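In what follows, a structure is listed as structure tokens, so that the remarks can point back to it.
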Amino acid sequence: MERTKRQKCVVNEVMSVCVHLHKSIEHLRETVYAQKCCINRLSARIVELEKEKSVAKAVKDAESSSVLCQYDDVDESCLQKQKLEYYLSSPPGLTPMDSDNEETVRGPEFDHDENNGIEWNG
102 MERTKRQKCV
112 VNEVMSVCVH
122 LHKSIEHLRE
132 TVYAQKCCIN
142 RLSARIVELE
152 KEKSVAKAVK
162 DAESSSVLCQ
172 YDDVDESCLQ
182 KQKLEYYLSS
192 PPGLTPMDSD
202 NEETVRGPEF
212 DHDENNGIEW
222 NG
């Protein structure tokens, strides 16, 4: 009986860590999408300035602009494009899970109980 209780506790802890890791991965993925958008925007600006035969100005502008490129000012359509490219390049079954869907993370063998968090249905 005591062993079963400890096993439940360990399973709950492992699942909690898995959920936390999943959310962290999703956050990092969003950051990568935003950075790709920034790189694309800065690259376009460099090409534009190079066309004006101003390579030195292009490098200087890119260096100063990179500090200004923040996640909040990234174009939403660019983010969607980056996400689509990621999903299309991901192996089947390895696309990100829905963070709000605990069943996806926990699996059907777990029940959510108000008093004890996640419990094993065994």
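For the sequence shown, the working numbering gives the first residue as 102, with consecutive numbering after it.
From the three backbone atoms N, C-alpha and C, an ideal C-beta is built for every residue, glycine too.
Remember, it's a predicted structure, so these values are computed and weren't measured experimentally.
For A135 and L189, believed in contact at Cβ under 8 Å, the rounded distance
One-based indexing of the sequence shown puts residue 189 at position 88. One-based indexing of the sequence shown puts residue 135 at position 34. Under the criterion of beta carbons closer than 8 Å, L189 and A135 do not qualify as touching, at roughly 19 Å.
DSSP three-state label for M102, please.
For the purposes of this step, residue 102 is identified with residue 1 of the sequence shown, where counting begins at 1. Coil at M102, not helix or strand.
When you compare the CB positions of K137 and Q108, do they come within less than 7 Å of one another, or not?
Mapped onto the sequence shown, residue 137 falls at position 36. Mapped onto the sequence shown, residue 108 falls at position 7. Contact flag unset, no.
Exposure of C139, with buried meaning 16 or more beta-carbon neighbours within 10 Å
Taking the first residue of the sequence shown as position 1, residue 139 is located at position 38. Under this definition C139 is a buried residue.
Below 6 Å, is the gap between the Cβ of H123 and the nearest heavy atom of the ligand SAH?
Summarising the ligand content, the structure contains no ligands, and the ligand SAH is consequently not present.
What's the C-alpha gap between Y111 and H123?
Within the sequence shown, the letter at position 10 stands for residue 111. Within the sequence shown, the letter at position 22 stands for residue 123. A quick correction: the sequence has Val, not Tyr, at residue 111. C-alpha separation (whole angstroms): 18 Å.
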